[in-house]
Amino acid sequence: MNTVTLKIDGREVTVPEGTSILEAAKTLGIEIPHYCYHPKLEVVGSCRMCQVEMEKAPKLVISCATTVTEGMVVYTRSPKVEKARKAVLEFFLLNHPLDCPICDRGGECPLQDYTMRYGPGESRFTEEKVNRIKHKVFGPYIIFDAERCILCTRCVRFCRDVVGTGELGVFDRGDHSQIGLFPGKSLDNKFSGNVIDLCPVGALTSRDYRFRSRPWDLIKKVDTICALCSRGCNTTVDVRHLMKGQEILRIRPRINEEVNSCWICDEGRFGFHFAHDPARLREPLHRQGQKLVPLPWKEATARIGEKFQEILRREGPGALGVIASSRLTSEEAHLVRRFFQESLGTGNMDYQVRREQEPEGDFPEDFLRRADKSPNSRGLREAGLLPGEGGLGVRGMLEAAAGGRLKVLFLLEEDLAPLAGEFPLERTLSGLELLVVIDLFMTEAGRLAHFLLPALGPYEKEGTFTNFQGRRQEVKPALGPQGDIWPLGQFLDELEMALRGVVVGAGYG
Ligand code: SF4
Ligand code: SF4
Ligand code: FES
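Convert by adding 391 to the 1-based position in the sequence shown; the result is the number in our numbering.
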C-alpha cells in the first residue's frame, strides 16, 4: 500500500494514498467540523464547514474532498480557518429557527455543538426568517421539519445510494431549496430510521421517540446486540426512568464494520415495544381444569419435578422431549442440553422449527436483514441443542406426541406456529401428560400447557448470541425482569434440585 506523509497543525502523519485531509486529521485526533461529509456516503463537498488552510494554496480548501499529497502542510485552526467557520455557521443560522429548547436533537446536535465551539457569539441577522414546512410526516417512522434542515443531503444520498429507493430529493432553488419526497413517495423503506442518525440537525426526527426524552434524561445506554434476526447488529439501547419504571426509549446502531457497519433496520430500531407490552406473561401459571391460575415459582417447580419424576420412572427418558427457540442465548442452550441430555439422558431435542433456522435455510434479504428472524440458531447448533443419538427432531417429537409415545414436552420460547397447519396443536399436544411452556406471551401452545412460565425477553437477558457469520457477541440486559420472572438457568437449577436423588438415570444414581 502506498502511503503519503504530511503535516497537520505541526504534527506529522502517514496515511494511505487517497485519504482525505479530514480523515488524516482524524487519525491524529484532530477534529475538523463537518456536516455533509459522512464516511459511508458519497463525498459531495457542499456544506463548506470543513475548510482548512493549506500551504501554497491560494484559498482555503474543503478537507473532506481534498486528498492528501506528499509534503502537504495543513492548518485546521488558523485565524483564516476560524473566520471561515464562523461565517459558514452564521450562514447556516440565518434561517434556522430558535427551536433548540423543543428540538429532539437538542443536547446531541452538531449544529449546536459547532456553534458553541466555533460559531459567532451572536446574530447580526435582523431580517425576517424564511418560514418553511414543519412537522411533515415523511413516512411511518419519520417526521420532517424543513426550517431546521441545513441541506447537507445526507438523507438524500443514503436513500439513493445505500438503500437504493431514492424517495428524497432537493427541490427549488436558492434560499428556497428544500428537501422533499418525490411525488407519490413515502419514506417507508426498511431502513428509514437511519436518516435520524445521519441528519446532523433535528430536521428528520423519530415519530416514536419525539418529545419523549432529553439525552441527559437517559439513565442507561446499554451496548448490546439486536435479537431480531441472525445478523446480530450491534446496538445501543437507551433507557429512561419513567413513572412506570425503567423503559426503553430508543435503539441506535453501534459501529461494527464486520457486522452492520453503522446501520440497523427499522425493525431492529423500532420493534422493541413488545418488551413493555401489558400482555407479557409476568408470573408462573398452572392448569386447574380449563383455567390457568397463578402459582409461585418454587411451588410450580416442585410440582413439575414431582410429575416429571413419576413419568420418567414409568416411561424412561425416551418419553421426554425439548423444543427450544433460537432466541435462547448460547449459555441457556448449554444448560438445557446439559440438563436434558447429559443428566436425564434424552436425545429428543431440537430448535429447527423454521426452515430458515437450518444451516442452509438462512439467506440475506438485503444488505442487512437475514431470513432467519432469530438471533442464535448458529449458537444453538454449536451448543449441540440437536437430536442426540437415536433422538427425535422437532417433527419426530410432534409425531410421537400425537401418537402418545411422547409423554413430556418442554417448549422453551417456541410457539410452534409455523407447524400448526401440519400438526394441529390441540390434537398434537393434548395427549401429553406434562406440557411445560416457557414464553414471553400467551400462545396457542401455552393455552394447552399444564405449566405456563414467563420468560425473560431479549432486552433482559445476559449471555451471547452467535450470528450467521459465526461471531459470538455479547448480549447485555437493558431492563430488569418485567415481572416475577426467573432466568431459564435458575428454573433448570431448581428443577434439578427437585429431581436430585429421585430420578434413576445418568447422573442421578
Ligand atoms: S433533512 Fe437533515 S440529513 Fe437531510 S438534508 Fe436536511 S439536514 Fe441534511
Ligand atoms: S438487520 Fe437483523 S439484527 Fe440488524 S437490526 Fe435488523 S433485525 Fe436486528
Ligand atoms: S463536510 Fe466538507 S464540505 Fe461539507
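Virtual Cβ for every residue (Gly too), placed ideally from N, Cα, C.
{"Check": "CA-to-CA distance, L777 to A618, given in whole angstroms", "Outcome": "21 Å"}
{"Check": "Cutoff 8 Å; reference M833; Cβ partners in own chain excluding five residues on either side", "Outcome": "A670, L672 and L843"}
{"Check": "Host beta strand (DSSP E) of V465 (start-end)", "Outcome": "V464 to Y466"}
{"Check": "Residue environment, A448, which counts as buried when at least 16 other CB atoms sit within 10 Å", "Outcome": "exposed"}
{"Check": "Residues near E804 by beta carbon distance below 8 Å, same chain, minus five either side", "Outcome": "A715, S716, R718, L719, I829, D830, L831 and A846"}
{"Check": "Cβ neighbour criterion (16 or more within 10 Å) applied to F529", "Outcome": "buried"}
{"Check": "Identity of the residues DSSP links to F801 by a beta bridge", "Outcome": "V713 and V827"}
{"Check": "Inter-residue spacing [alpha-carbon to alpha-carbon] between Q637 and E674", "Outcome": "19 Å"}
{"Check": "Own chain partners of P857 with C-beta closer than 7 Å, once the 5 adjacent residues on each side are dropped", "Outcome": "The displayed chain sequence assigns Thr, not Pro, to residue 857. Taken in chain order, the residues that qualify are S721, N767, R769, G770, E773 and R863."}
{"Check": "Where Y899 sits in the DSSP three-state scheme", "Outcome": "Only weak support exists for where Y899 lies, its pLDDT of 45 falling under 50; the coordinates are left without a value."}
{"Check": "Contact check, V434 vs A416, beta carbons under 8 Å", "Outcome": "no"}
{"Check": "Beta-carbon proximity of N651 to L759, cut-off 8 Å", "Outcome": "yes"}
{"Check": "Per-residue DSSP class, three states only, for N393", "Outcome": "coil"}
{"Check": "Residue from C540, H841 and R564 with nearest C-alpha to A691", "Outcome": "H841"}
{"Check": "Inter-residue Cα distance where the pair is N393 and C624", "Outcome": "33 Å"}
{"Check": "Beta-carbon separation (whole angstroms), S765 vs E887, contact threshold 8 Å", "Outcome": "The pair is not a contact, with the Cβ atoms about 26 Å apart (cut-off 8 Å)."}
{"Check": "Touch test, the stretch 453-472 against the stretch 410-427, Cβ-Cβ under 8 Å, three pairs minimum", "Outcome": "yes"}
{"Check": "Three-state class that DSSP yields for L595 in the structure shown", "Outcome": "strand"}
{"Check": "Short Cβ contact (8 Å threshold) for Y509 with R476", "Outcome": "yes"}
{"Check": "Continuous beta strand (DSSP E) stretch holding R678: start and end", "Outcome": "L676 to Q679"}
{"Check": "Strand pairing of K431, partner residues [DSSP]", "Outcome": "Beta-bridge pairing links K431 to no other residue."}
{"Check": "D875 versus Q700, F602, T626 and L676, residue with shortest Cα-Cα distance", "Outcome": "L676"}
{"Check": "Reduced DSSP secondary structure (H/G/I, E/B, other) of V894", "Outcome": "Confidence is the limiting factor: at V894 the pLDDT is only 49, short of 50, which leaves the residue's position unreliable and the question unanswerable from this model."}
{"Check": "Extent of the continuous alpha helix (DSSP H) run through E638", "Outcome": "It is not in any alpha helix (DSSP H) - E638 instead sits in the beta strand (DSSP E) that spans G636 to P644."}
{"Check": "Buried or exposed by the 16-neighbour rule on C-beta atoms within 10 Å, applied to T615", "Outcome": "buried"}
{"Check": "Residue burial classification, P606 (beta-carbon count within 10 angstroms, cutoff 16)", "Outcome": "exposed"}
{"Check": "Heavy atom of ligand 1 within 7 Å of I541 beta-carbon", "Outcome": "yes"}
{"Check": "Strand pairing of T506, partner residues [DSSP]", "Outcome": "Answer is none; T506 lacks a bridge partner."}
{"Check": "Length of the line joining the Cα atoms of G498 and R515", "Outcome": "24 Å"}
{"Check": "Beta-carbon gap between E851 and G871 smaller than 8 Å", "Outcome": "yes"}
{"Check": "Which listed residue (R838, G555, I655 and G557) has its alpha carbon closest to that of Q681", "Outcome": "R838"}
{"Check": "Distance cut-off 7 Å: A594 Cβ against heavy atoms of ligand 1", "Outcome": "yes"}
{"Check": "Paired residues, beta bridge with R761 - DSSP", "Outcome": "P755"}
{"Check": "Strand pairing of I533, partner residues [DSSP]", "Outcome": "S597"}
{"Check": "Cβ contact (3+ pairs, closer than 8 Å) linking the stretch 696-704 and the stretch 740-758", "Outcome": "no"}
{"Check": "For N585, the first and last residue of its enclosing alpha helix (DSSP H)", "Outcome": "N585 to L589"}
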